[in-house]
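S.K.: Before anything else, here's the structure in question.
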Amino acid sequence: MSDIPTDLKYTDSHEWIRDDGDGTVTVGITDHAQDALGDLVFVELPEVGKQFAAKDACAVVESVKAASDIYAPLAGEVVEVNRALDSAPETINADPYGEGWIFQLKRSGDDAAQVLLDADAYERVLEDEA
Amino acid sequence: MGFKTPLYDAQIALGAKVVPFGGWDMPLHYGSQLDEHHAVRRAAGVFDVSHMQPVDISGPAAKPYLQYLLANDVDKLAQPGRALYSCMLNEQAGVVDDLICYYLAPGHYRPVTNAATADKDLAWMQDNAAGFDVTITRRDDLAMLAVQGPAARSKAEALLPEFIRTAAMALKPFHAVAGKDWLLGRTGYTGEDGFEIMLPAFEARALWDGLLDAGVTPCGLGARDTLRLEAGMNLYGQDMDENTDPLAAGLGWTIAWAPPERNFIGRTALEARRTAPELPRFVGLLLTGRGVLRAHQRVLLGGEPAGEVTSGGFSPTLGRSIALARLAPAAVPEITEATEVAVDIRGKAVAARVVKPPFVRNGRPRIEL
C-alpha cells in the first residue's frame, strides 16, 4: 500500500501539495506515482519566475519506462525548483514527500475552480484506478 | 489476464511488478530496474523468458525448409550444437520475426520466436511448409531461463544436471548442448556472458530457486530492455517489423547472400532493395544534451527531419541516454560516425551524436562519452 501523508493535499494526477503557510506551496509527486513510474532518470524542472495556470503541464519526470507530465496543482509563479534533482532524480523514488520535492509555487489566487483532494479522497482515487 | 509462465507464483512472491507483454503476464521488475541492470553488468541476473516460443522443426526436409524460410542460412551450422540468429522475411522482405535457430541433430532444428509473434510465426511456418517433408511442433512443454552476467556461468554450474554440466561449461559463445529435453546455449540478449536454458517446465522452479539461492538477482523485462539497448541489439516490433527490411534495421549481416542460387522468402525483394541507390541507415545515438531519447522522436540534421528514433532510453551503465535510430536515405550521405545531430524532444531540439553500437559490452563502455 502506498504512503499518503494526511498533512498534504493531492490532485487526481498524482501531485502532492504542501501549504507552506506564507502564500507558497511545495509540489512533488506521490509515492504511488513514483512507484508506478519506476526508477526515475531525468527531471525537467520548470523555470523560476514562470507563471502557470492550474492544471498547466509545467515539469516532466522521466523514468526508465516513460516520460510523464507534472501539472501545476494551483495557479501561481514558480519561486524555487529542486536543483538537486538534476544530478539525482532517483531522490524522488527514495523520498517522494521530502527531499524529492520538485518545485515551489507562489499562489496567484486565480484557481478557485481547482479542487485539491485530502488524503482520504486521494486514496479513493487510487482505489478507483486499481 | 495473460498466459502465465511456470514461475509466475514465485515471481509474485518476490514482489514482481507484473505487466502484460505479448499476451503474457510478465515481471517488469522486482523493485528497481536499475539495480537489476547493474547486477547483470557486474555479477549475475536471471530472466524468466518462458514467454518465448520454441518450435521444433523435424523431418528429412528440415534443413532445406529452413534454408527457404530464413534469410540467414542454416547450412552455416556445421554440426549439432550450433546456433544462428536470423530474420524470417515475407515476400516483400519485411521482417515477420527475428529468431535464434538451434541445430539439435541432423533433421532436427529449433527456432525460438518472440512471444507476441508466436501465433503469427507458427501460421507462417505452416503456410510455407507445403512441399517440404517436415513436422512443425510448438514446444509449450518447455520453460526458458536466461542467466546473464560475468558470474552467470559459474553460479549456474552446480545447478546444471550432470548429463550436460561438463559440456555446458566448455561451450564457446553461440554454441549449445542438449540432453533429456534440456537445451543450453551460451547465448543471450544482454551483451554479457551467460546461458540461455530451455528445460521441461516442471523443472524450471528448482533451477530458478537454486539460482536465487546462489545469489543471482531476479531481473524483469525492464532491465532486459535497457541491457539489450546498451548491447545494440534490435527489438522486434520496435526496431523492425513487417514493413522494415533487415537492411534498414542494421541487420544486413544476418542475410546469407551466398550461395546465389539459394532461394529464400523475400530474397527477390531484398536483392532489388540492396542495389537501390539510396538506403536508409541504422545508427546509434548518444544524447549529449539533457533529456531521454524515446522511440518515435524525430532526428534532425541542420534543423530538418533526418530520421526517427526506433528504440531509446536511459543507459544505466553510461549514465546517459542512448538510442537506435533509422536515418532517411536523403540524410545518409551527410551523416557519418560522430556527426552532431539533434533530436526533437517535446518540441525542443536536443543535441545528440551519431555513434556505432554496441554502446556497452561485457560491462564496459564501447563508445566515447
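For the record, the sequence lines run as chains Y and P.
Under this note's numbering, residues 1 to 130 are what the first sequence spells out, in order.
Under this note's numbering, residues 1 to 369 are what the second sequence spells out, in order.
We treat Cβ as the ideally placed atom computed from N, Cα and C, and that holds for glycine.
Values in this document were obtained by computation on a predicted structure and should not be read as measured data.
Threshold first: 4 residues or longer. Then list the alpha helix (DSSP H) segments lying entirely within the region 61-124 of chain Y, N to C.
M.R.: You should have 84-87 and 91-94.
S.K.: Alpha carbon to alpha carbon, how far is P/Val350 from Y/Ala59?
M.R.: Position 350 of the second sequence, counted from the start, is the residue given in the question as residue 350 of chain P. Position 59 of the first sequence, counted from the start, is the residue given in the question as residue 59 of chain Y. Taking the straight line from one Cα to the other gives about 17 angstroms.
S.K.: On a Cα-Cα basis, can you pick out the residue from P/Asn362, P/Pro358 and P/Ile345 that is closest to Y/Asp67?
M.R.: Mapped onto the first sequence, residue 67 of chain Y falls at position 67. For clarity, residue 67 of chain Y is Ala in the given sequence; the question names Asp instead. Answer by Cα proximity: P/Ile345.
S.K.: On the three-state DSSP scale, how would you describe P/Gly22?
M.R.: If you number the second sequence from 1, residue 22 of chain P lands on position 22. Reduced to three states, the DSSP call for P/Gly22 is coil.
S.K.: From Y/Tyr122, Y/Ala119 and Y/Gly76, pick the residue whose C-alpha is nearest to that of Y/Gly23; which is it?
M.R.: Counted from its first residue, the first sequence places residue 23 of chain Y at position 23. Minimum Cα distance to Y/Gly23 is reached at Y/Gly76.
S.K.: Contact between the region 186-201 of chain P and the region 348-366 of chain P is defined here as three or more beta-carbon pairs at a separation below 8 angstroms; is this criterion met?
M.R.: In short, these stretches touch, since the Cβ pair count reaches three.
S.K.: Checking contacts by CB at 8 angstroms: is P/Gly291 closer than that to chain Y?
M.R.: Numbered from its first residue, the second sequence carries residue 291 of chain P at position 291. Yes, contact with chain Y.
S.K.: Tell me whether P/Tyr102 sits in a helix, a strand or coil according to DSSP, three-state version.
M.R.: Within the second sequence, numbered from 1, the residue matching residue 102 of chain P stands at position 102. P/Tyr102: strand per DSSP, three-state reduction.
S.K.: Near P/Pro425, which residues of its chain fall below 7 angstroms by C-beta distance, leaving aside the five closest residues on each side in sequence?
M.R.: The structure shown does not extend to residue 425 of chain P, since chain P spans only 1 to 369, so no value can be given for it.
S.K.: Check whether the Cβ of P/Leu34 lies closer than 8 angstroms to any Cβ atom in chain Y.
M.R.: By 1-based counting over the second sequence, the position of residue 34 of chain P is 34. With 8 angstroms as the cut-off, P/Leu34 counts as an interface residue toward chain Y.
S.K.: Is Y/Thr67 close to chain P, meaning its C-beta is less than 8 angstroms from at least one C-beta of that chain?
M.R.: Taking the first residue of the first sequence as position 1, residue 67 of chain Y is located at position 67. Here residue 67 of chain Y is Ala; the residue named in the question, Thr, does not match the sequence. It does: the Cβ of Y/Ala67 has a partner Cβ on chain P nearer than 8 angstroms.
S.K.: Going by C-alpha distance, which of P/Pro20, P/Met198 and P/Tyr8 is nearest P/Gln53?
M.R.: Locating residue 53 of chain P in the second sequence gives position 53, counting from the first residue. Per the Cα distances, P/Met198.
S.K.: Quick check on P/Lys120: does DSSP put it in helix, strand or coil?
M.R.: Taking the second sequence and counting its residues from 1, the one referred to as residue 120 of chain P is at position 120. If DSSP states are grouped into helix, strand and coil, P/Lys120 belongs with the helices.
S.K.: Between Y/Asp120 and Y/Val79, what straight-line distance do the alpha-carbon atoms span, to the nearest angstrom?
M.R.: Here the question's residue 120 of chain Y lines up with position 120 in the first sequence. Here the question's residue 79 of chain Y lines up with position 79 in the first sequence. So the two alpha carbons sit approximately 29 angstroms from each other.
S.K.: How do the region 54-65 of chain P and the region 333-341 of chain P stand: do at least 3 beta-carbon pairs fall below 8 angstroms, yes or no?
M.R.: With the cut-off at 8 angstroms, the region 54-65 of chain P and the region 333-341 of chain P do not touch.
S.K.: Indicate the three-state DSSP secondary structure (helix, strand or coil) for P/Met372 in the structure shown.
M.R.: Here chain P comprises residues numbered 1 to 369, so residue 372 of chain P is not present and cannot be evaluated.
S.K.: Please identify the residue among Y/Asp35, Y/Thr11 and Y/Leu116 whose C-alpha is closest to the C-alpha of Y/Pro96.
M.R.: In the first sequence, residue 96 of chain Y corresponds to position 96, counting from 1. Of the candidates Y/Asp35, Y/Thr11 and Y/Leu116, the one whose C-alpha sits nearest the C-alpha of Y/Pro96 is Y/Asp35.
S.K.: Counting only C-beta atoms, is P/Thr226 closer than 8 angstroms to chain Y at any point?
M.R.: As a first step, residue 226 of chain P must be located in the second sequence, where it is residue number 226. So yes, P/Thr226 belongs to the interface.
S.K.: Please list the partners that P/Gly131 has in chain Y, where partner means a Cβ-to-Cβ separation under 9 angstroms.
M.R.: Position 131 of the second sequence, counted from the first residue, corresponds to residue 131 of chain P. Those do not exist, as P/Gly131 stays about 46 angstroms from chain Y at its closest Cβ, beyond 9 angstroms.
S.K.: Give the single residue among P/Gly215, P/Pro161, P/Thr254 and P/Phe163 whose Cα lies nearest to the Cα of P/Arg42.
M.R.: Position 42 of the second sequence holds residue 42 of chain P. Closest option to P/Arg42, Cα to Cα, is P/Gly215.
S.K.: So, at 7 angstroms on beta carbons, what are the nonlocal neighbours of P/Asp239 in its own chain, with the 5 sequence-adjacent residues on each side left out?
M.R.: The residue given as residue 239 of chain P occupies position 239 in the second sequence. Ala249, Thr310, Ser311 and Leu324, listed in sequence order.
S.K.: To the nearest angstrom, report how far apart P/His51 and P/Met88 are at their CA atoms.
M.R.: Locating residue 51 of chain P in the second sequence gives position 51, where the first residue counts as 1. Locating residue 88 of chain P in the second sequence gives position 88, where the first residue counts as 1. P/His51 and P/Met88: Cα-Cα distance of roughly 19 angstroms.
S.K.: Are the CB atoms of P/Leu104 and P/Pro80 nearer to each other than 8 angstroms?
M.R.: Sequence index remark: in the second sequence, residue 104 of chain P carries index 104 (1-based). Sequence index remark: in the second sequence, residue 80 of chain P carries index 80 (1-based). Yes; because the gap between Cβ atoms is below 8 angstroms, this pair is in contact.
S.K.: How would you label P/Phe163, buried or exposed, when you count the other beta carbons within 10 angstroms and need 16 or more for buried?
M.R.: Position 163 of the second sequence, counting from 1, holds the residue named residue 163 of chain P. Result: exposed.
S.K.: Quick check: what's the CA-CA separation for P/Leu70 versus P/Leu122?
M.R.: Walking along the second sequence from the start, residue 70 of chain P turns up at place 70. Walking along the second sequence from the start, residue 122 of chain P turns up at place 122. Those two C-alpha atoms are separated by around 14 angstroms.
S.K.: My output table needs one value for Y/Val43: the three-state DSSP class, helix, strand or coil.
M.R.: Taking the first sequence and counting its residues from 1, the one referred to as residue 43 of chain Y is at position 43. Strand.
S.K.: Where does P/Thr217 fall in DSSP's three states?
M.R.: In the second sequence, counting from the first residue as 1, residue 217 of chain P sits at position 217. It is a strand residue.
S.K.: For P/Ser86, is the classification buried or exposed, using 16 other Cβ atoms within 10 angstroms of its Cβ as the cut-off for buried?
M.R.: As a working mapping, residue 86 of chain P is identified with position 86 in the second sequence. P/Ser86 comes out buried.
S.K.: Can you give the Cα-Cα distance for Y/Glu90 and P/Pro305, rounded to whole angstroms?
M.R.: Counting from 1 along the first sequence, the entry for residue 90 of chain Y is found at position 90. Counting from 1 along the second sequence, the entry for residue 305 of chain P is found at position 305. If I take the Cα positions, the gap works out to 33 angstroms.
S.K.: Provide the residue span of the beta strand (DSSP E) that contains Y/Asp31, from first to last.
M.R.: As a first step, residue 31 of chain Y is located in the first sequence; it is residue number 31 there, counting from the start. That residue, Y/Asp31, is in no beta strand (DSSP E); its alpha helix (DSSP H) goes Asp31 to Leu37.
S.K.: Is the region 24-38 of chain P touching the region 4-13 of chain P in the sense that three or more CB pairs, one from each, lie closer than 8 angstroms?
M.R.: The region 4-13 of chain P, when compared against the region 24-38 of chain P, does touch it at the 8 angstroms Cβ threshold.
S.K.: Could you have a look at Y/Ile4 and say whether DSSP puts it in helix, strand or coil?
M.R.: For the purposes of this step, residue 4 of chain Y is taken as the residue at position 4 of the first sequence. In this structure, Y/Ile4 counts as coil in the three-state DSSP scheme.
S.K.: Around the C-beta of P/Gly266, are 16 or more other C-beta atoms found within 10 angstroms, so that it is buried, or is it exposed?
M.R.: What you label residue 266 of chain P is simply residue 266 of the second sequence in a count that begins at 1. When all chains shown are included, P/Gly266 counts as buried.
S.K.: Could you confirm whether any beta carbon from chain Y is found closer than 8 angstroms to the beta carbon of P/Gln174?
M.R.: In the second sequence, residue 174 of chain P corresponds to position 174, counting from 1. The residue asked about is misnamed: residue 174 of chain P is Phe in this sequence, not Gln. Answer no: the Cβ-Cβ gap between P/Phe174 and chain Y never drops below 8 angstroms.
S.K.: Return the first residue and the last residue of the beta strand (DSSP E) that P/Gln11 is part of.
M.R.: One-based indexing of the second sequence puts residue 11 of chain P at position 11. Here P/Gln11 belongs to no beta strand (DSSP E); instead the alpha helix (DSSP H) covers Tyr8 to Ala13.
S.K.: Looking at Y/Val61: is its Cβ nearer than 8 angstroms to the Cβ of Y/Leu40?
M.R.: Residue mapping note: residue 61 of chain Y aligns to position 61 of the first sequence, counting from 1. Residue mapping note: residue 40 of chain Y aligns to position 40 of the first sequence, counting from 1. Yes, Cβ-Cβ distance for Y/Val61 and Y/Leu40 is below 8 angstroms.
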